[in-house]
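Residue numbering for the sequence shown follows the UniProt record's numbering, starting at 1 and increasing by one per position.
For each residue, glycine too, the CB sits at the ideal point set by N, CA and C.
First up is the structure itself, then whatever we jot down about it.
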Amino acid sequence: GRENFRGKTLNRISGFSFSEKHLITVNDNREDGSVLLTCDLTDKYIQWFKDSPNTLVQNTSEKTFNIGSNAKDPQGIYWCGGSEYTSKPFQVYYRMCQNCIELNAATVSGFIFAEIISIFFLAVGVYFIAGQDGVRQSRGKRGLRVWPSGRAPG
(Lines of atoms letter the chains of each structure in order from A and count residues from 1; the text may use other names and numbers.)
(Lines give C-alpha, C1' and ligand atoms only; values in the text may rest on other atoms or scores of the structure.)
Protein backbone atom coordinates (compact mmCIF):
# COMPACT_ATOMS: atom_id res chain seq x y z
CA GLY A 1 0.00 0.00 0.00
CA ARG A 2 0.90 3.65 -0.02
CA GLU A 3 1.56 5.80 3.02
CA ASN A 4 1.88 9.53 3.36
CA PHE A 5 5.08 10.38 5.20
CA ARG A 6 6.00 14.06 5.75
CA GLY A 7 4.22 15.17 2.65
CA LYS A 8 5.86 12.58 0.39
CA THR A 9 4.10 9.55 -0.95
CA LEU A 10 6.15 6.40 -0.38
CA ASN A 11 5.53 2.83 -1.42
CA ARG A 12 5.57 0.52 1.59
CA ILE A 13 7.18 -2.85 1.00
CA SER A 14 5.11 -5.53 2.66
CA GLY A 15 7.63 -8.36 2.24
CA PHE A 16 10.46 -9.78 0.19
CA SER A 17 9.98 -12.06 -2.75
CA PHE A 18 11.16 -15.66 -2.38
CA SER A 19 14.01 -15.14 -4.81
CA GLU A 20 15.58 -12.46 -2.59
CA LYS A 21 16.19 -14.81 0.34
CA HIS A 22 19.52 -16.47 0.97
CA LEU A 23 18.86 -20.01 -0.19
CA ILE A 24 22.40 -21.37 0.15
CA THR A 25 23.93 -22.61 3.39
CA VAL A 26 27.47 -23.90 3.86
CA ASN A 27 28.65 -26.96 5.80
CA ASP A 28 32.41 -27.03 6.36
CA ASN A 29 32.54 -29.11 9.55
CA ARG A 30 32.91 -32.46 7.84
CA GLU A 31 35.46 -35.10 8.84
CA ASP A 32 36.80 -35.46 5.30
CA GLY A 33 37.41 -31.69 5.04
CA SER A 34 35.02 -31.18 2.15
CA VAL A 35 32.85 -28.09 1.86
CA LEU A 36 29.19 -28.64 0.97
CA LEU A 37 26.74 -26.03 -0.21
CA THR A 38 23.04 -26.74 0.34
CA CYS A 39 20.27 -25.12 -1.68
CA ASP A 40 16.94 -24.66 0.11
CA LEU A 41 14.77 -24.90 -3.00
CA THR A 42 12.07 -27.57 -3.17
CA ASP A 43 12.46 -28.25 -6.89
CA LYS A 44 13.14 -31.77 -8.11
CA TYR A 45 16.23 -30.69 -10.05
CA ILE A 46 18.68 -28.06 -8.83
CA GLN A 47 21.15 -26.22 -11.05
CA TRP A 48 24.41 -24.96 -9.57
CA PHE A 49 26.27 -22.03 -11.14
CA LYS A 50 29.75 -20.71 -10.41
CA ASP A 51 31.18 -17.21 -10.94
CA SER A 52 28.52 -16.31 -13.51
CA PRO A 53 24.82 -17.10 -13.90
CA ASN A 54 25.70 -18.52 -17.33
CA THR A 55 28.27 -21.05 -16.06
CA LEU A 56 26.40 -24.21 -15.11
CA VAL A 57 28.61 -26.53 -13.06
CA GLN A 58 26.08 -29.13 -11.94
CA ASN A 59 22.50 -30.11 -12.74
CA THR A 60 21.34 -32.60 -10.12
CA SER A 61 18.48 -33.94 -8.08
CA GLU A 62 20.62 -33.43 -4.95
CA LYS A 63 20.27 -30.28 -2.88
CA THR A 64 23.96 -30.36 -1.93
CA PHE A 65 26.97 -29.45 -4.02
CA ASN A 66 30.52 -30.44 -2.98
CA ILE A 67 32.91 -27.63 -3.91
CA GLY A 68 36.04 -29.47 -2.78
CA SER A 69 38.36 -29.75 0.17
CA ASN A 70 38.83 -26.80 2.49
CA ALA A 71 42.60 -27.47 2.38
CA LYS A 72 42.59 -26.57 -1.32
CA ASP A 73 41.10 -23.11 -0.61
CA PRO A 74 37.83 -23.33 -2.57
CA GLN A 75 36.74 -19.95 -3.89
CA GLY A 76 34.03 -18.56 -6.08
CA ILE A 77 30.57 -17.07 -6.30
CA TYR A 78 27.83 -19.69 -6.37
CA TRP A 79 24.12 -19.66 -7.26
CA CYS A 80 21.53 -22.38 -7.12
CA GLY A 81 18.38 -22.32 -9.15
CA GLY A 82 15.25 -24.25 -9.85
CA SER A 83 12.43 -23.93 -12.35
CA GLU A 84 11.13 -20.64 -10.90
CA TYR A 85 13.60 -19.20 -8.42
CA THR A 86 17.31 -18.49 -8.30
CA SER A 87 19.26 -17.76 -5.14
CA LYS A 88 21.25 -14.66 -4.42
CA PRO A 89 24.99 -14.95 -5.18
CA PHE A 90 26.87 -16.70 -2.38
CA GLN A 91 30.59 -15.96 -2.19
CA VAL A 92 32.93 -18.63 -0.83
CA TYR A 93 36.52 -17.75 0.04
CA TYR A 94 38.76 -20.06 2.05
CA ARG A 95 42.29 -19.28 3.06
CA MET A 96 43.69 -22.11 5.14
CA CYS A 97 46.80 -21.59 7.25
CA GLN A 98 49.12 -24.55 6.70
CA ASN A 99 51.55 -23.86 9.58
CA CYS A 100 49.13 -22.66 12.24
CA ILE A 101 48.23 -24.08 15.61
CA GLU A 102 44.89 -23.84 17.31
CA LEU A 103 45.04 -21.69 20.41
CA ASN A 104 42.68 -23.19 22.92
CA ALA A 105 42.80 -22.74 26.70
CA ALA A 106 45.10 -25.73 27.24
CA THR A 107 47.65 -24.49 24.69
CA VAL A 108 47.76 -20.98 26.15
CA SER A 109 48.04 -22.39 29.69
CA GLY A 110 50.95 -24.56 28.54
CA PHE A 111 52.76 -21.55 27.07
CA ILE A 112 52.28 -19.54 30.27
CA PHE A 113 53.45 -22.45 32.47
CA ALA A 114 56.56 -22.98 30.32
CA GLU A 115 57.35 -19.26 30.49
CA ILE A 116 57.08 -19.20 34.30
CA ILE A 117 59.30 -22.28 34.64
CA SER A 118 61.94 -20.84 32.29
CA ILE A 119 62.01 -17.53 34.20
CA PHE A 120 62.39 -19.45 37.49
CA PHE A 121 65.37 -21.46 36.20
CA LEU A 122 66.95 -18.31 34.77
CA ALA A 123 66.62 -16.54 38.14
CA VAL A 124 68.10 -19.54 40.01
CA GLY A 125 71.01 -19.65 37.55
CA VAL A 126 71.74 -15.94 37.95
CA TYR A 127 71.59 -16.30 41.76
CA PHE A 128 74.11 -19.15 41.84
CA ILE A 129 76.46 -17.57 39.31
CA ALA A 130 76.44 -14.26 41.18
CA GLY A 131 77.24 -16.09 44.42
CA GLN A 132 80.47 -17.66 43.16
CA ASP A 133 83.83 -16.34 44.48
CA GLY A 134 85.38 -15.64 41.08
CA VAL A 135 82.68 -13.21 40.08
CA ARG A 136 83.01 -10.88 43.07
CA GLN A 137 84.49 -7.41 42.72
CA SER A 138 88.25 -6.98 42.32
CA ARG A 139 90.37 -6.60 45.46
CA GLY A 140 91.24 -2.99 44.91
CA LYS A 141 88.92 -0.45 46.44
CA ARG A 142 87.32 2.02 44.16
CA GLY A 143 85.77 5.20 45.29
CA LEU A 144 86.24 8.87 45.83
CA ARG A 145 89.28 9.75 47.90
CA VAL A 146 89.20 12.98 49.79
CA TRP A 147 92.50 14.47 50.92
CA PRO A 148 92.56 16.52 54.07
CA SER A 149 93.96 19.61 52.37
CA GLY A 150 91.33 19.50 49.65
CA ARG A 151 93.91 18.78 46.96
CA ALA A 152 95.33 15.57 45.71
CA PRO A 153 99.05 15.08 46.29
CA GLY A 154 101.07 15.58 43.29
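Compare the Cα-Cα distances from residue i to each of the options and report the closest residue.
| i | options | result |
| --- | --- | --- |
| ASP43 | LYS50, LYS72, TYR85 and ALA130 | TYR85 |
| ILE46 | VAL124, ALA105 and LEU23 | LEU23 |
| residue 160 | GLY33, PHE65, CYS100 and LEU103 | Outside the shown range of the chain (1 to 154) lies residue 160, about which nothing can therefore be said. |
| SER52 | GLY33, GLY81 and THR60 | GLY81 |
| ASP40 | SER61, VAL57 and ASN29 | SER61 |
| LYS88 | TRP48, PHE111 and ASN29 | TRP48 |
Let me check one thing: in DSSP terms, what residues is residue i bridge-paired to?
| i | result |
| --- | --- |
| ARG34 | A quick correction: the sequence has Ser, not Arg, at residue 34. DSSP output for SER34 lists SER69 as bridge partner(s). |
| VAL26 | LEU37 |
| GLN132 | In the DSSP output, where bridge partners are listed per residue, GLN132 has none listed. |
| PHE49 | LEU56 and TRP79 |
| LEU86 | As written in the sequence, residue 86 is Thr, which differs from the Leu given in the question. Answer is GLY81. |
| THR64 | THR38 |
Using a Cβ-Cβ cutoff of less than 8 Å, which residues in the same chain neighbour residue i once the five nearest sequence positions on both sides are dropped?
| i | result |
| --- | --- |
| VAL92 | VAL26, VAL35, LEU37, ILE67, PRO74, GLN75, GLY76, ILE77 and TYR78 |
| MET96 | ASN70, ALA71 and ASP73 |
Leaving aside the five residues before and after residue i along the sequence, list all residues of the same chain whose C-beta is less than 6 Å from its C-beta, in chain order.
| i | result |
| --- | --- |
| TYR94 | ASN70, ASP73 and PRO74 |
| PHE18 | Below a pLDDT of 50, predicted positions are generally treated as unreliable, and PHE18, at 42, falls in that range; the measurement from the model is reported next regardless. Result list for PHE18: TYR85, in chain order. |
| GLN132 | none |
Does DSSP classify residue i as helix, strand or coil?
| i | result |
| --- | --- |
| ILE101 | coil |
| THR107 | helix |
| residue 160 | The question about residue 160 has no answer here: the residues shown for the chain are numbered 1 through 154. |
| residue 180 | Coverage of the chain is limited to positions 1 through 154, which leaves residue 180 absent and any answer about it impossible. |
With a CB to CB cut of under 7 Å and the five nearest residues on each side skipped, what residues in its chain are close to residue i?
| i | result |
| --- | --- |
| GLY7 | The predicted model places GLY7 with a pLDDT of 38, which falls under 50 and marks its position as unreliable; any figure quoted below should be read in that light. So no residue of the chain qualifies. |
Report yes if the C-beta of residue i is less than 6 Å from at least one heavy atom of the ligand SAH; otherwise report no.
| i | result |
| --- | --- |
| LYS88 | Judged by which ligands are present, the structure shown has none, so any question about the ligand SAH falls away. |
Original post:
Is the stretch 65 to 75 touching the stretch 111 to 124 in the sense that three or more CB pairs, one from each, lie closer than 8 Å?
Top reply: They do not touch, by the three-pair rule.
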